[in-house]
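Here is the structure we will look at, set down as structure tokens.
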Amino acid sequence: APTFGGADKAMMYLAQYGYLSPSVRNPSSGHIMDESSWRRAIAEFQSFAGLNATGELDEETTKVMSLPRCGVRDKVGFGESRAKR
Amino acid sequence: YALQGSRWRVKNLTYKISKYPSKLNRAEVDNELAKAFSVWSDYTDLTFTQKRSGQVHIEIRFEKGEHGDGDPFDGPGGTLAHAYFPVYGGDAHFDDAEMWSINSRRGTNLFQVAAHEFGHSLGLSHSDVRSALMAPFYRGYDPAFQLDQDDIQGIQALYGHKTQTDIGGLPGLPGAAAPPSVPRATTQQPSAEDPALCGDPKFDTIFNSADGGTFIFKGEHYWRLTEDGVASGYPRLIARAWPGLPGNIDAAFTYKNGKTYFFKGSKYWRYNGQKMDGDYPKDISEGFTGIPDNLDAALVWSGNGKIYFYKGTKFWRFDPSQRPPVKATYPKPLSNWEGIPDGIDAALQYTNGYTYFFKGGSYWRFNDRTFSVDSDNPAFPRSTAFWWLGCSSAPRGTVGGNARLSDAP
């Protein structure tokens with residue numbers, strides 16, 4: 037499997053599957069976010085994928101991000117990040 | 018499991034393969050996709066019929082790159098397929114750049130991916146249970162594939178159990194029994210009134226057993242509910258039916274492992290059926306770390322299969338597969354469950370897919386899909402005595418309510 041590396045790719049991945057705002061995926065613009073949002077998104081992905089939720093983009097996390105998968109977002113419907121029901 | 022929030026209103030669904038994969042035999046693809054649909058129809062009353070033309074519920078296409086929905090495929094590996102939830106049409110798209118395979122470990126197994134995508138088409142989101150078909154990551158070809166209990170519970174939360182026993186040859190499979198409707202009193206066949214319950218329709222706890230029975234606990238006694246009220250021959254002593262279990266239980270639920278958990282004060286008990294399942298009682302603080310003592314109620318919620326505990330003005334979510342099982346964001350205000358009062362007596366995830374909350378002599382029906390109390394006529398809260406306990410002389414609405422006798426639901 038190809039190695040999935042780099043914070044940019046991870047950011048795109050997390051946005052694609054619902055862990056970060058979709059605006060992060062816009063390739064024509066740069067994006068900056070506070071560290072806590074970034075770590076929270078990684079931790080949520082790790083938790084969903086059954087990894088230790090460290091909030092660190094470690095090797096195991098990037099490896100899981102490289103796995104073939106379904107294109108449907110992980111966080112839809114009853115996601116906890118909803119601002120309003 | 019996780020429910021997206023929409024489902025099909027009909028159970029007889031049609032599908033069409035509008036664009037076949039470029040490298041597979043069409044008849045074999047037909048066969049594999051029919052098998053993938055049957056994964057879900059084996060456990061529900063859903064049926065899936067393939068059509069060659071005309072309008073269908075679910076359209077299936079194998080496409081490369083951009084294919085008109087703004088979500089382009091990315092070539093071999095990465096994203097394999099995606100599907101739309103019922104509210105968005107239910108269509109399923111597969112990346113034709115993948116090396117799709119049938120009955121083979123080589124390439125990407127079509128059956129495995131299709132069964133997963135059709136779960137989305139039916140209303141299931143991704144599950145965080147790793148063994149579930151609805152987990153988001155491709156797990157390869159499995160010649161002995163069986164739907165995970167997590168997936169079964171998810172699909173049955175949406176469409177109910179299978180009522181026909183054409184899977185009866187496989188022992189132990191759930192779903193053979195018809196889902197009971199809401200127990201309610203009828204004017205045609207009133208149940209015998211139970212003086213202890215009808216006189217004071219407040220109880221300690223209500224729960225479903227693993228075999229589908231619904232039980233009410235009150236003090237030292239219990240009752241079994243029927244479609245119309247309570248079964249004859251009750252009340253009976255809790256201590257006789259569940260040896261070792263005390264009276265005045267605070268809360269109870271049956272988990273997806275088939276075990277029933279009872280809570281009282283700072284202790285809990287686990288039963289397999291009506292037999293104690295080990296050395297109990299144990300401390301809630303040990304077995305359910307993060308959950309307080311002296312609970313009001315507990316249930317397993319159909320929205321996500323997780324355990325919810327209620328006490329006073331707060332609730333806690335418990336997920337035994339996570340560490341810690343209770344997130345730091347809990348407890349949360351009970352007002353998040355829109356329309357439900359504080360200080361409930363009991364709660365139940367019933368077999369019809371609704372969640373019920375009980376307080377005093379009243380109950381509220383909570384719609385797990387709209388996430389609010391249903392606005393029916395008669396309005397909620399309604400009388401527990403009339404609608405659950407078969408007390409035909411009780412008012413249909415809540416005590417003091419204005420529901421009329423002609424207000425059939």
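Residue numbers (this note's numbering), protein chains in the order written: chain A, 37 to 121; chain B, 18 to 426. Each residue gets a CB set at the ideal place from its N, CA and C atoms; glycine is no exception. Note that this is a predicted model, so its numbers are computed, not measured.
Can you name the start and end residues of the beta strand (DSSP E) that Val317 (chain B) belongs to? Within the second sequence, residue 317 (chain B) is the residue found at index 300, counting from 1. That run of the beta strand (DSSP E) goes 314-317.
Sorted by chain position, which residues of the same chain lie with C-beta nearer than 6 Å to Gly275 (chain B)'s C-beta, five sequence neighbours on each side aside? Here residue 275 (chain B) corresponds to residue number 258 of the second sequence, with the count starting at 1. Contacts found: Ala227.
Per-residue contacts from Thr271 (chain B) into chain A (C-beta, under 8 Å): The residue labelled residue 271 (chain B) in the question sits at position 254 within the second sequence. In chain order: nothing, as chain A lies at least about 22 Å away.
Between the region 333-349 of chain B and chain A, which residues of the former have a C-beta closer than 7 Å to a C-beta of the latter? Gln339
Taking just the CA atoms, how far does Gly295 (chain B) sit from Phe65 (chain B)? As a working note, residue 65 (chain B) is residue 48 in the second sequence. As a working note, residue 295 (chain B) is residue 278 in the second sequence. Using only the alpha carbons, I get a separation of about 44 Å.
Check whether the Cβ atoms of Lys331 (chain B) and Leu351 (chain B) lie closer than 8 Å to each other. Taking the second sequence and counting its residues from 1, one reaches residue 331 (chain B) at position 314. Taking the second sequence and counting its residues from 1, one reaches residue 351 (chain B) at position 334. A contact, by the Cβ cut-off of 8 Å.
Asn384 (chain B), DSSP secondary structure in three states: Locating residue 384 (chain B) in the second sequence gives position 367, counting from the first residue. Strand.
Since Lys281 (chain B) sits in a beta bridge, which residues does DSSP pair it with? By one-based count along the second sequence, residue 281 (chain B) stands at place 264. Answer by DSSP bridge pairing, in chain order: B:Lys284.
Check whether the region 134-149 of chain B and the region 100-108 of chain B are in contact - that is, three or more C-beta pairs closer than 8 Å. yes
Could you tell me which whole beta strand (DSSP E) segments of length 3 or greater appear in the region 337-399 of chain B? 363-366, 372-376, 379-384
Enumerate in chain order the residues of its own chain whose CB-to-CB distance from Glu76 (chain B) is below 6 Å, with the five nearest sequence positions on each side excluded. If you number the second sequence from 1, residue 76 (chain B) lands on position 59. Lys33, Ser35, Asp108, listed in sequence order.
Closer than 9 Å between beta carbons: that is the criterion. Which residues of the region 83-112 of chain A meet it against chain B? Ser83, Phe84, Ala85, Gly86, Asn88, Ala89, Val100, Ser102, Leu103, Pro104, Arg105, Cys106, Gly107, Val108, Arg109, Asp110, Lys111, Val112
Where does Ile34 (chain B) fall in DSSP's three states? Numbered from its first residue, the second sequence carries residue 34 (chain B) at position 17. In this structure, Ile34 (chain B) counts as strand in the three-state DSSP scheme.
Scan the region 88-101 of chain B for residues whose Cβ lies nearer than 8 Å to a Cβ of chain A and list them as they occur along the chain. Asp88, Phe90, Gly94, Gly95, Thr96, Leu97, Ala98, His99, Ala100
Contact with chain A by Phe154 (chain B), beta-carbon distance below 8 Å: Counting from one through the second sequence, the residue named residue 154 (chain B) turns up at place 137. True, the Cβ-Cβ gap to chain A drops below 8 Å.
Are Glu80 (chain B) and His110 (chain B) touching if we call contact CB-CB under 8 Å? Looking up residue 80 (chain B) in the second sequence gives position 63. Looking up residue 110 (chain B) in the second sequence gives position 93. In this structure, His110 (chain B) lies closer than 8 Å to Glu80 (chain B) by Cβ.
Name the residue from B:Phe280, B:Pro298, B:Leu242, B:Phe234 whose alpha carbon lies nearest to the alpha carbon of Gly261 (chain B). Walking along the second sequence from the start, residue 261 (chain B) turns up at place 244. That would be B:Pro298, whose Cα lies nearest to the Cα of Gly261 (chain B).
Could you tell me whether any non-hydrogen atom of the ligand SAH is closer than 7 Å to the CB of Phe383 (chain B)? No copy of the ligand SAH occurs in the structure displayed, which carries no ligand at all.
Range of the contiguous beta strand (DSSP E) that encloses Lys328 (chain B): The residue labelled residue 328 (chain B) in the question sits at position 311 within the second sequence. It spans 324-328 - the beta strand (DSSP E) in which Lys328 (chain B) sits, taken as one unbroken run.
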